[in-house]
Amino acid sequence: MAIKQLSVFVENKPGKLLEIVKALAGAKVNIRAMSIADTKDFGILRLIVSDTDKAKEILSDDCVVTVTPVIAAEMSDKAGALSSILEDFGYENINIEYMYAFTASTELGAYVVLRVDDNDAAERILKSKGISVLDSLAI
Amino acid sequence: MGNYYQPEIETASREKILEIQNEKIVKQVRHVYENVPYYKKLMDEKGVTPDDIKSVDDIKKLPFLTKADLREAYPYGLLGTDLKNCVRIQSTSGTTGKRVVAFYTQHDIDLWEDCCARAIVAAGGTNEDVCQVCYGYGLFTGGAGLHGGSHKVGCLTLPMSSGNTDRQIQFMMDLGSTILCCTPSYAAYIGESLAEAGYSPSDNKLKAGIFGAEPWTEEMRRSIEKSLGIKAYDIYGLTETSGPGVSFECEEQTGMHINEDHFYAEIIDPETGEVLPEGSKGELVFTSLDKEAFPLLRYRTRDICVLTRKKCSCGRTHVKMCKPMGRSDDMLIIRGVNVFPSQIETVLLNEGYTPNYQIIVDRVNNSDTLDINVEFAPDQFSDKVSDTQSKEKALEGAMRTMLGIGPKVHLVPPKSVIRSEGKAVRVIDKRKLHD
Chain A
20 MAIKQLSVFV ENKPGKLLEI VKALAGAKVN IRAMSIADTK DFGILRLIVS DTDKAKEILS
80 DDCVVTVTPV IAAEMSDKAG ALSSILEDFG YENINIEYMY AFTASTELGA YVVLRVDDND
140 AAERILKSKG ISVLDSLAI
Chain B
-12 MGNYYQPEIE TASREKILEI QNEKIVKQVR HVYENVPYYK KLMDEKGVTP DDIKSVDDIK
48 KLPFLTKADL REAYPYGLLG TDLKNCVRIQ STSGTTGKRV VAFYTQHDID LWEDCCARAI
108 VAAGGTNEDV CQVCYGYGLF TGGAGLHGGS HKVGCLTLPM SSGNTDRQIQ FMMDLGSTIL
168 CCTPSYAAYI GESLAEAGYS PSDNKLKAGI FGAEPWTEEM RRSIEKSLGI KAYDIYGLTE
228 TSGPGVSFEC EEQTGMHINE DHFYAEIIDP ETGEVLPEGS KGELVFTSLD KEAFPLLRYR
288 TRDICVLTRK KCSCGRTHVK MCKPMGRSDD MLIIRGVNVF PSQIETVLLN EGYTPNYQII
348 VDRVNNSDTL DINVEFAPDQ FSDKVSDTQS KEKALEGAMR TMLGIGPKVH LVPPKSVIRS
408 EGKAVRVIDK RKLHD
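Structure below.
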């Protein structure tokens, strides 16, 4: 099951990111995970939040927002955990557009968010390896 | 071979056209010198007398007239004959300042209507056609010009004027209009309204449309032709020269034939005023060869254009002008290349973007830089940085092909281009600050 990620276009200017997180704070939306891709002119802010629909509605007033399905896979705290997944992705020719890691909670451990070109294939591989994939934002 | 309203003149040999022009210009310059003190003064200042003008080749010796002259001479300063000889006034909308008021004798009205009649016949019009004129009637030259032309051709003329689209459609369907004359944007609107009312393009009897008075693109032509099931022809003119019909398209649809027996066209360098050779891009300048009441000589239209005398398959021999590519007032010179905002707009529309953009010109290390901020639509946004960057690259490539120089394109979010009083600020030229 893919989870929903919010992707927000942000101009590369002081204060722009603040406007966005302030709006989310005001709506009591919790940010679970985030990453920013930056270029000279703009950045793309990627967010996993507690309430995607609400966050999208709030941010759409002033920002360009799109919802992207991504995979959040649990990572065991062992050397070689990521490399073993990526190896299998390589065999199946699954391309990773970008990825970032986050910790869901002290009990649940670490996750990587994977943005790939084929979610179904990626999930199949992860399941066959016994790696758990988040299917909701209940984290 | 096509249909002509005045075949002897429309298909005359180049020698014959030149002979007519030479004969008329000598007379016209004398007429203006003797009757228009404002222009006499300009000629005297330049040290030119009517005796210096022996043929159209000498027109380049004459001083230019600009919109500023028209404002200064308002209302009677450029009048070429007694008011008692005049029968009509037409006027511009005055959106860019003071109105231009043009005067006409009956002779002037006749030649203007002849020009419009040539345009209607070139679009396939005959006395069996029903010609629906929905250009505005009144002071605006659009309605009056095409109305007069339609009468001369003998069409059944529907003097609708603009607006009241329901009534336009009712008359069009009930009376079987075959030719539509209006602005291209109104033609597109009528097309949409017909579709909304449940009509298909084959339900109407229209065969041709004569559209002008505002800029429009080839894409718009194709879309109008499809929605109305017609062939769409361009027509050009300006109140200063008479009105629509200064030039018009034939069935080849590759430029507009200028009625050279009445209007002499030149292309000049808008910076230096120097006359440029055929095929060069520059500002279009018109000299009225035989108008009596408002005989403007070397009037600078500000329209940027190219003229061509390449043989036309329609059989007409008069020079063709392209659709105006922009206004010389808007022209930017970047790294020595003339750039018009309208060219950038065309690329954006072709590539599926909104025409919301901003051009930023600067000078870094003695070299001009051109940056274009382009608003993307929300559905054009992707979470992948590489998607946005490849879109920017694609636009840069398309811009380079159109402009001849490579800009840096930046995609920006919707509504982020600075707007002033509701209108987008299109050009920021930072180089001026350094002067």
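In order, the protein sequences belong to chains A and B. Quick note on numbering: the first sequence equals residues 20 to 158 in the working numbering. Quick note on numbering: the second sequence equals residues -12 to 422 in the working numbering. Where a beta carbon is used, it is the ideal one built from N, C-alpha and C, also for glycine.
Within the model, the alpha-carbon separation for glutamate 106 of chain A versus leucine 64 of chain A is close to 28 Å.
Separation of alanine 381 of chain B and phenylalanine 281 of chain B (C-alpha to C-alpha, rounded to the nearest whole angstrom) is 49 Å. Membership of glutamate 38 of chain A in the alpha helix (DSSP H) is indicated by the continuous run 35 to 45. For the segment 168 to 222 of chain B, the full-length alpha helix (DSSP H) segments reaching 4 residues or more read 171 to 183, 205 to 215 along the chain. Here glycine 136 of chain B is near isoleucine 107 of chain B, since their CB atoms are less than 8 Å apart.
Under the Cβ distance rule, lysine 371 of chain B counts among the residues neighbouring chain A, one pair being separated by less than 8 Å. Relative to aspartate 70 of chain A, the option among A:Asn138, A:Val27, A:Leu153, A:Lys47 whose CA is nearest is A:Lys47.
DSSP places leucine 294 of chain B outside any alpha helix (DSSP H); the residue lies instead in the beta strand (DSSP E), whose first and last residues are 286 to 295. For glycine 242 of chain B, the closest of B:Gly178, B:Pro231, B:Lys310 by C-alpha to C-alpha distance is B:Lys310. For glutamine 345 of chain B, the closest C-alpha among the options B:Pro328, B:Thr356, B:Gly269 is that of B:Pro328.
Among the CB atoms of chain B, none fall inside 8 Å of the CB of glutamate 38 of chain A. Between the segment 100 to 114 of chain A and the segment 49 to 68 of chain A there are fewer than three inter-stretch CB-CB distances shorter than 8 Å, so the stretches are not counted as touching.
For histidine 397 of chain B, the enclosing beta strand (DSSP E) stretches over residues 395 to 399. Under DSSP, lysine 268 of chain B takes part in a beta bridge, and its partners are B:Val293. For phenylalanine 61 of chain A, the enclosing beta strand (DSSP E) has its first and last residue at 61 to 68. DSSP places leucine 153 of chain A in the coil class of the three-state scheme, outside both helix and strand. In the DSSP assignment, aspartate 139 of chain A falls within the alpha helix (DSSP H) that extends over 138 to 147.
Rounded to whole angstroms, the Cβ separation of threonine 68 of chain B and threonine 92 of chain B is 6 Å, and the two are in contact under 8 Å. Given a length threshold of 3 residues, the segment -1 to 31 of chain B has no whole run of the beta strand (DSSP E) inside it. Contact with chain B is absent for valine 135 of chain A, since none of that chain's Cβ atoms lies less than 8 Å from the residue's Cβ. Contact with chain A is absent for proline 394 of chain B, since none of that chain's Cβ atoms lies less than 8 Å from the residue's Cβ. In the three-state scheme derived from DSSP, where H, G and I count as helix and E and B as strand, isoleucine 40 of chain B is classed as coil. By the Cβ rule, the segment 316 to 334 of chain B counts as touching the segment 382 to 396 of chain B, because three or more pairs are nearer than 8 Å.
Nothing from the segment 187 to 221 of chain B brings a Cβ to less than 8 Å from some Cβ of chain A. A distance of 8 Å or more separates the beta carbons of valine 152 of chain A and glutamine 24 of chain A. For lysine 139 of chain B, there is no enclosing beta strand (DSSP E); the enclosing alpha helix (DSSP H) covers residues 128 to 140.
A direct Cα-to-Cα measurement between valine 262 of chain B and lysine 3 of chain B gives close to 23 Å. Counting along the chain, the unbroken beta strand (DSSP E) around arginine 350 of chain B starts and ends at 344 to 351.
Against chain B, the beta carbon of aspartate 107 of chain A has no neighbour under 9 Å; the closest one sits roughly 23 Å away. In this structure, valine 86 of chain A and phenylalanine 368 of chain B do not form a Cβ contact; the two beta carbons are roughly 11 Å apart against a cut-off of 8 Å. When beta bridges are read from the DSSP output, phenylalanine 368 of chain B appears opposite no residue. Inclusion of arginine 418 of chain B and arginine 350 of chain B in the CB contact set at 8 Å is warranted, their separation being smaller than that value. DSSP, reduced to helix, strand and coil, places tyrosine 124 of chain B outside both helices and strands of the structure shown, so it counts as coil. Taking a Cβ-Cβ cut-off of 8 Å, the neighbours of valine 83 of chain A in chain B comprise Phe363, Pro365, Phe368, Pro400, Pro401, given in sequence order. Within chain A, the C-beta atoms nearer than 7 Å to that of histidine 397 of chain B come from Asp60, in chain order. Among the residues of chain B, those whose CB is under 7 Å from the CB of isoleucine 63 of chain A are Asp370, Val372, following chain order.
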